[in-house]
Every structure is written in structure tokens, then in C-alpha cells.
Amino acid sequence: MSKVAFLGLGAMGARMAANLVKAGHAVTVWNRSPAATANLTALGATAAPSPRAAAAGADVVITMVADDAASRAVWLDDKTGALAGLDRGAVAIECSTVSPAWAVQLAAAVTATGAGFLEAPVVGTLPQAQDGKLIILGGGERAAFDQAQPALAPLAAAIHHVGPVGRGAVMKLAVNGLLGIQLAAWAEMMGFLAKAGFDGAAALDVLTALPVASPAAAGYARMMQAGDFAVRFPVDLMAKDFRYGTQAADALKADTPVADATLGVLERAREAGHGAENVSALIRLYTGG
4 MSKVAFLGLG AMGARMAANL VKAGHAVTVW NRSPAATANL TALGATAAPS
54 PRAAAAGADV VITMVADDAA SRAVWLDDKT GALAGLDRGA VAIECSTVSP
104 AWAVQLAAAV TATGAGFLEA PVVGTLPQAQ DGKLIILGGG ERAAFDQAQP
154 ALAPLAAAIH HVGPVGRGAV MKLAVNGLLG IQLAAWAEMM GFLAKAGFDG
204 AAALDVLTAL PVASPAAAGY ARMMQAGDFA VRFPVDLMAK DFRYGTQAAD
254 ALKADTPVAD ATLGVLERAR EAGHGAENVS ALIRLYTGG
């Protein structure tokens with residue numbers, strides 16, 4: 004078993020860290036709000052006062068935070084950053100959904116210390132994090148990918164090596180892009196059907212049985228119809244992912260008009276006050292709910 008530092012105990016990170024403790028790893032945790040460490044220490048984890056302190060002596064350091072800015076602060080802060088605590092020969096794993104450009108910058112900073120680096124964004128939400136059934140998209144050197152396996156295995160149903168650093172972030176942004184595009188379209192069409200007088204539940208019984216409905220979209224459509232906006236994947240985070248995705252596409256001179264339009268829908272939802280709600284709240288743009 005490895006000594007693992009886990010940095011960032013939000014809804015996803017707390018569940019992931021718990022699975023590492025349950026798998027028998029020696030886990031040290033840190034969170035910006037220290038109260039979030041209590042459940043993990045009750046399971047047997049050790050709490051650290053800073054990312055740097057958590058990383059000291061760890062074989063593996065995993066980060067799960069909201070965005071590029073949070074990742075930069077956790078790793079590179081002059082006084083408390085985890086980078087300064089990394090041992091040569093350790094592996095740093097960034098599980099957050101970050102921009103490809105930041106993943107490349109972070110990899111360079113980590114490898115300059117003599118540690119290995121793997122970007123490992125995850126596909127899945129709270130139920131998959133709870134059950135250790137996430138899908139992990141690994142980007143980095145094969146040696147770092149292999150070194151990370153014992154720490155990633157308790158978190159995942161599948162772990163894919165998708166290429167060098169940056170490819171993991173691109174693949175994750177494509178995954179979330181495909182999901183967000185579907186959800187924006189479903190919210191729009193459900194609003195259209197409601198205006199035409201259809202009963203929402205009855206319409207979904209038909210639509211979700213058709214090949215046009217992916218399992219993920221069908222599940223979110225049911226949440227939309229039920230008015231279930233409890234957070235699994237908030238609008239704010241999906242909008243952030245679309246911003247990173249469209250910025251990456253612009254850098255590659257890739258044309259993404261549908262993603263651009265979906266980002267506009269997400270920004271409308273944020274402006275309407277739904278940013279902290281689940282992405283199922285996109286339906287509220289069309290129903291006035």
C-alpha cells in the first residue's frame with residue numbers, strides 16, 4: 004500500500020479519498036476548509052495543515068479541485084504549495100478538470116523537481132465517486148501512468164492512457180462537451196413539448212425509449228421533468244468546462260459552433276441565478292420554474 008496525499012475534499016474528492024482509505028492506503032488529506040477533513044480522519048486518514056505538509060513523504064499526491072486557479076494555488080503557492088513538498092520519485096496526479104494549457108504547465112513544474120506527473124481527470128459524478136466506479140483519462144508518460152495504478156485502482160471502473168500530458172484534459176473536455184450539448188438540447192426540446200401541451204412525464208416515456216436518448220441524457224431529462232436540481236454537476240462547473248473547451252479549440256483553430264452555442268445557454272442559466280444548481284436546472288430557462 005502507498006502513502007497517498009489527497010488535496011481537495013469537495014463532494015467528489017471526499018468520496019475518492021474515502022475509497023483510498025478503505026483500500027488500505029495511508030492517506031493524508033488537506034482541504035481549504037479544514038472542517039471537511041473530519042469524516043476522513045474518522046475513517047483513519049491523517050489531516051495536514053497545508054498541501055505542502057500533506058505532500059511531504061507521500062508516494063502519490065492527488066489533487067481534486069474546481070479549476071485552474073485552485074489547482075495553481077494548491078500546487079504552486081510560495082509558502083504552502085504541494086510542489087515544494089514533493090519527494091523525488093513520487094508521482095503527482097491532477098484529477099481536476101483543468102485546461103490543457105495548465106496541465107502542460109503543471110507537468111513541467113512537477114517534472115522539474117524529479118517527480119513524475121499524470122493528469123487523470125475523471126468521468127462520473129457522485130454515485131460513481133462513492134462506489135469507486137469513475138472512468139479515469141490518464142495523460143502523461145507511461146512510467147507515471149504505471150506508477151499511479153495502485154492509487155487510482157480503488158477509484159475507478161476503468162483507467163485509460165490517452166496519450167501525453169494535455170490529451171487527458173482535451174478528452175475530458177470533449178466528454179463534458181458532448182454531455183452539455185445533449186442536456187442543452189433536451190432542455191430546449193422539453194420546453195418546446197411543454198408549450199405544445201404535452202404531459203412531461205408521458206413525453207419522456209416515449210423519448211427516453213428511443214435511440215436518440217443516451218442513458219446519461221435520459222437520466223438528466225428525468226431530473227429536469229421532476230424539478231430535481233440537487234447538485235451532482237453544477238451549472239457553474241459545466242460552464243467552466245465549456246470555457247476551457249472553447250479556449251482549447253480556439254488555440255487549435257478547431258471550429259466548435261455547437262459547443263459555443265451551448266456555452267451561451269449555460270451562461271444564460273448562470274445569469275438567471277442557477278449557477279449553483281445541478282445542470283438539470285437548464286430546463287428552468289424554458290419553463291420559468
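According to the numbering used here, the residues represented by the sequence shown are 4 to 292, in order.
Glycine included, every Cβ here is placed at the ideal spot set by N, Cα and C.
Suppose the cutoff is 6 Å on Cβ atoms and the five residues either side in sequence are ignored; what does the same chain contact list for T31 look like? A8, T49, A51 and A57
Would you kindly report the start and end of the unbroken beta strand (DSSP E) that includes T31? A29 to W33
By how many angstroms is the C-alpha of S102 removed from the C-alpha of G135? 24 Å
Quick one: residues in its chain with C-beta nearer than 8 Å to the C-beta of A93, no 5 flanking neighbours on either side, listed in chain order? A58, A61, D62, V63, V64, A118 and G119
Ends of the alpha helix (DSSP H) at K243? V238 to L255
Just to confirm before moving on: does the CB-CB distance between F232 and A272 stay below 7 Å? no
Among A159, R91 and I96, the one whose alpha carbon lies nearest that of S74: I96
Assigned exposure category for R235 - 16 Cβ within 10 Å defines buried: By the neighbour-count rule (16 or more Cβ atoms within 10 Å), R235 is buried.
Say whether chain E places a C-beta atom closer than 7 Å to the C-beta of I139. Included in the structure is just one protein chain, with no chain E present.
As a quick exercise: from I139, I162 and P167, pick the residue whose alpha carbon is nearest that of R145. Minimum Cα distance to R145 is reached at P167.
Close Cβ partners of N22 (< 7 Å) along its chain, the five nearest in sequence each way excluded: G135, P157 and L158
For A206, which residues of its own chain have a beta-carbon under 6 Å away from its beta-carbon, when the five flanking residues on both sides are left out? L196
What number of angstroms, rounded off, separates the C-alpha of T128 from the C-alpha of K82? 32 Å
Secondary structure at T114, three-state DSSP: helix, strand or coil? In the structure shown, T114 sits in a helix (DSSP, three-state: H, G or I).
Tell me, which residues are paired with L126 by DSSP? Here the sequence assigns Val to residue 126, which means Leu is not the residue at that position. In the DSSP output, where bridge partners are listed per residue, V126 has I138.
Segment contact, 8 Å Cβ cut-off, at least three pairs: the stretch 198-218 with the stretch 241-255: Between the stretch 198-218 and the stretch 241-255, the count of Cβ pairs shorter than 8 Å is below three; the stretches do not touch.
Determine the closest residue to F201 out of V113, M15, T290 and N34, with distance taken between C-alpha atoms. T290
Cβ-based neighbour list, W189, same chain, cut-off 6 Å, excluding 5 preceding and 5 following: A220 and A224
Neighbour-count burial assignment, M4, 16 or more Cβ in a 10 Å radius: With fewer than 16 other beta carbons inside 10 angstroms of its own, M4 counts as exposed.
Which residue wins for smallest C-alpha separation from G47, given the options Y247, N34, Q131 and V24? V24
List the whole-angstrom C-beta distance separating G84 from R55, where the pair is believed to meet the contact cut-off of C-beta under 8 Å. 6 Å
Please state whether the Cβ-Cβ distance between A161 and I138 is less than 7 Å. Yes, the Cβ-Cβ distance between A161 and I138 is below 7 Å.
Which residue from G143, L186 and Q152 puts its Cα closest to that of G169? Taking only the C-alpha atoms, the option nearest G169 is G143.
Under 8 Å Cβ to Cβ from A40, same chain only, skipping five residues before and after it: list those, please. The identity of residue 40 in the sequence shown is Thr, whereas the question assumes Ala. Once the five neighbours on either side are set aside, the close Cβ partners of T40 are L12, V32, W33, N34, A48 and A50.
Could you tell me the boundaries of the beta strand (DSSP E) in which L10 lies? K6 to L10
Relative to the C-alpha of I286, which candidate in A275, T249, G194 and Q250 has its C-alpha closest? G194
Apart from the five residues on each side of it in sequence, which residues of its chain come closer than 7 Å, Cβ to Cβ, to A187? The beta carbon of A187 is closer than 7 Å to those of T265, V268 and L285 in its chain, skipping five residues each way along the sequence.
Separation of L176 from A115, as counted between CA atoms: 27 Å
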